[in-house]
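For the UniProt record's numbering, count along the sequence shown from 1 and bump the result up by 175.
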Amino acid sequence: ALPRDLEGLHVAVSAGGTREALDPVRYLGNRSSGRQGWALARVAAQRGARVTLVAAHTADLVTPAGVDLVRVGSAAELRDAMHAVAGTADVLVMAAAVADFRPAALVEHKIKKTDRDPDPVALTRNPDILAELVAARRPGQVVVGFAAETGDATTGVLEYGRAKLARKGCDWLVVNAVGDGRAFEVEDNAGWLLSADGAETPIPHGSKAQLASAVWDAIRPRAEL
Ligand code: C5P
């Protein structure tokens, strides 16, 4: 059994991939399965935390026991749900793959096939939810971001991660290497946990639950109990 060392903490985790509607039947989406966010929520609940899991589109995953699941679709819905839970949560973890862009206009009716060339899809930028949560952070509240980067330690991943941590202003950034079949739609993961105070902890290759445990191990002493 795991230690109940997160008892008294309310943690909110976002997971999965947002879907941005193009018309009533079509969307722009991504390959996120939600598995890493699920593991973070499951492990936190097993360690005694009160857990709110804000889930965009995911693979067919069983809701972890004792977790309060909030289903969302688009980035706008995920944003509203995270801001709502941020009022009470001690720790906010943005593990969701949030679409950076959405179609500029939602077409009311199903777009018809025509003989002429299709119109290009105009996109508009979604707000950066992680940056917003950092800006609205309450004293003592811990905000954690994720960054999926291609490359390896020597060719980019860590450098990108450090820059992203500074840019987003969060307390922790979990950097995981993607590409070449890594991280997305698979059961395992690896990476680095970067802290705003400069600490850089490698997370060895293992299950997504093991990565989740490493993240909670690092955050627990920092979160106000
Ligand atoms: O900038 P990038 O998308 O790589 O940053 C990834 C981190 O930012 C993740 O924690 C993701 O959940 C979050 N994010 C967000 N809002 C966006 C895009 C990403 O909160 N619009």
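Backbone N, C-alpha and C define an ideal beta-carbon position, used for all residues, glycine too.
Kindly provide the ranges of any alpha helix (DSSP H) runs that are 4 or more residues long and lie completely inside the segment 285–311, ordered along the chain. List check, alpha helix (DSSP H) in window: 304–310.
Rounded to the nearest angstrom, what separates Gly209 and Thr233 at their Cα positions? The C-alpha of Thr233 is placed about 5 Å away from the C-alpha of Gly209.
Do Gly204 and Gly212 have their C-beta atoms within less than 8 Å of each other? With contacts defined as CB atoms closer than 8 Å, Gly204 and Gly212 fail to qualify as a contacting pair.
How about Ala322: is its Cβ closer than 7 Å to a heavy atom in the ligand C5P? Yes, the ligand C5P has a heavy atom inside 7 Å of this Cβ.
With hydrogens ignored, establish whether the beta-carbon of Val273 is closer than 7 Å to any heavy atom of the ligand C5P. Flag set: Cβ of Val273 near the ligand C5P.
Which stretch, first to last residue, makes up the alpha helix (DSSP H) that contains Val245? Membership of Val245 in any alpha helix (DSSP H) is not indicated; the residue belongs instead to the beta strand (DSSP E) covering Val242 to Arg246.
Where Glu283 and Ser207 are concerned, what is the direct C-alpha to C-alpha distance, given to the nearest angstrom? In this structure, the straight-line span from the alpha carbon of Glu283 to that of Ser207 is close to 27 Å.
Taking the alpha helix (DSSP H) that residue 147 belongs to, which residues open and close that run? With the chain running from 176 to 400 in the structure shown, residue 147 is simply not present.
Environment of Thr227 [buried if 16+ CB atoms lie within 10 Å]: Buried, since its Cβ has 16 or more Cβ neighbours within 10 Å.
State the beta-bridge partners of His185 as determined by DSSP. DSSP lists Arg225 as partners of His185.
Give the range of the beta strand (DSSP E) segment to which Glu283 is assigned. Looking at the DSSP string, Glu283 is not in any beta strand (DSSP E), and its letter there is neither H nor E.
Tell me which residue opens and which closes the beta strand (DSSP E) that Asp255 is part of. Annotation: Asp255 is outside any beta strand (DSSP E); the continuous alpha helix (DSSP H) that includes it extends over Ala250 to Ala261.
Please report the distance separating the alpha-carbon of Arg300 from that of Tyr202. Cα-Cα distance, rounded: 15 Å.
DSSP on Gly204, reduced to helix/strand/coil? The answer is coil: DSSP assigns Gly204 none of H, G, I, E or B.
Determine the direct distance from the alpha carbon of Arg179 to that of Ser370, and round the result to whole angstroms. About 24 Å.
Going by alpha carbons, who is nearest to Asp275 out of Val186, Pro199, Pro302 and Gly262? The shortest CA-to-CA distance from Asp275 to any of Val186, Pro199, Pro302 and Gly262 is the one to Pro302.
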